[in-house]
Amino acid sequence: MLILLPPSEGKATSGDGPRLDVDSLTLPGLAPARERVVEALTEVCSGPEDTAREVLGLSVSQTDAVKRNLDLAVAPTLRAADLYTGVLYDRLGLPDLLAERGDAVREQILVFSGLWGVVGPDDHLPPYRLSMGVRLPSLGGLGAYWRKALTGPLNELVADRLVVDCRSSSYVAAYRPAGDVAERSVAVRVLREKEVDGELRRSVVSHMAKATRGDIARVLVREGVEARTPEELVAALRDLGHTVELQDAGKPGRARTMDVVVRD
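Now the structure itself:
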């Protein structure tokens, strides 16, 4: 099983590890593509701060993030497991999972990144700020840029494994499973169910979805779930107390959606 995660907008702002070694990151063959993004980001952040903030989608209060982007080569690093914060990562608890089930975490979890493409939990990274939805002047939209670089290597990495996709929409743009890979892929959607005027109604949620996706990823790794098909995944999660429903893909070669229902 391979679990795909988004990064978090919130990140730790300092580390104490060695300087960045691009060749040591997960999927080292992506090093040239990563270096091109670093170069393009540095070009933006070296110019006027207001322009950099506009390109990166940052507020005035986030100007420090522009400065951190200029220190990527020299800043102390920290593990991706410690870098990413926020609701999903609070619920996932990657540092604890690495301590408890290190090999499984390293083999099963992959984090998408606007700057690095994808990284593993143990990869050492400097603090940075670059969302996948950004369009860098010299590269264009990062979703399209990374899709070209990632599709082949990720299809090879997936091999015959089940893919559990917990990413948000902008990160889905960087890698869309297709063909046989898609038929072994499940996109996790979170629905909120509550009673209104005596009727149960469901709605798609956003903030709660991050927490729930973190819960799902955590329980799959911690409990050693070894599902190889979407049906086996659903059965395992139901056994673990989750309310989940598998939707029809509609046609061959498309990923299926797994609804996780959270009740008020």
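Counting from 0, one number per residue, gives the positions in the sequence shown under numbering that gives the first Met the number 0.
For glycine and all other residues, C-beta sits at the position ideal for the given N, C-alpha and C.
Distance between Val118 and Gly197, taken at the CA atoms: about 46 Å. About 5 Å separates the Cβ atoms of Tyr144 and Leu138, confirming a contact at the 8 Å cut-off.
Asp121 is a Cβ neighbour of Ala80, given a cutoff of 9 Å. For Ala79, the enclosing alpha helix (DSSP H) starts and ends at 79-82. For Ala177, no alpha helix (DSSP H) run applies, since DSSP gives it neither H nor E. For Arg134, the pairing in a beta bridge is given by DSSP as Gly140.
Ala208 and Val189 do touch by the CB rule: their CB atoms are close to 4 Å apart, below 8 Å. Comparing C-alpha distances from Gly46 to each of Glu34, Asn68, Ala30 shows the shortest one belongs to Asn68. Note on His206: under 16 other CB atoms within 10 angstroms of its CB, so exposed under the neighbour-count rule.
Take the alpha-carbon of Lys10 and the one of Ala148: they are about 25 Å apart. In this structure, the CA atom of Ser7 is about 26 Å from the CA atom of Leu239. For Ser168, there is no enclosing beta strand (DSSP E); the residue is part of the alpha helix (DSSP H) that begins and ends at 168-171. The criterion of a C-beta distance shorter than 9 Å is not satisfied by Leu24 and Ala32. CA-to-CA, the gap between Leu4 and Ser58 works out to about 25 Å.
Among the bridge pairs identified by DSSP, Gly16 is matched with Thr76. Per the coordinates, the alpha-carbon of Ser60 lies some 12 Å from the alpha-carbon of Glu48.
Taken atom to atom, the span from the alpha-carbon of Val104 to that of Ala177 is near 25 Å. For Ala39, the uninterrupted alpha helix (DSSP H) run begins and ends at 30-44, by DSSP. Taking 8 Å as the upper bound for CB-CB distance, Leu135 and Ala39 are in contact here, some 4 Å apart. Take the alpha-carbon of Asp20 and the one of Leu232: they are about 36 Å apart. When the Cα atoms are used, Val259 and Glu244 turn out to be separated by approximately 7 Å.
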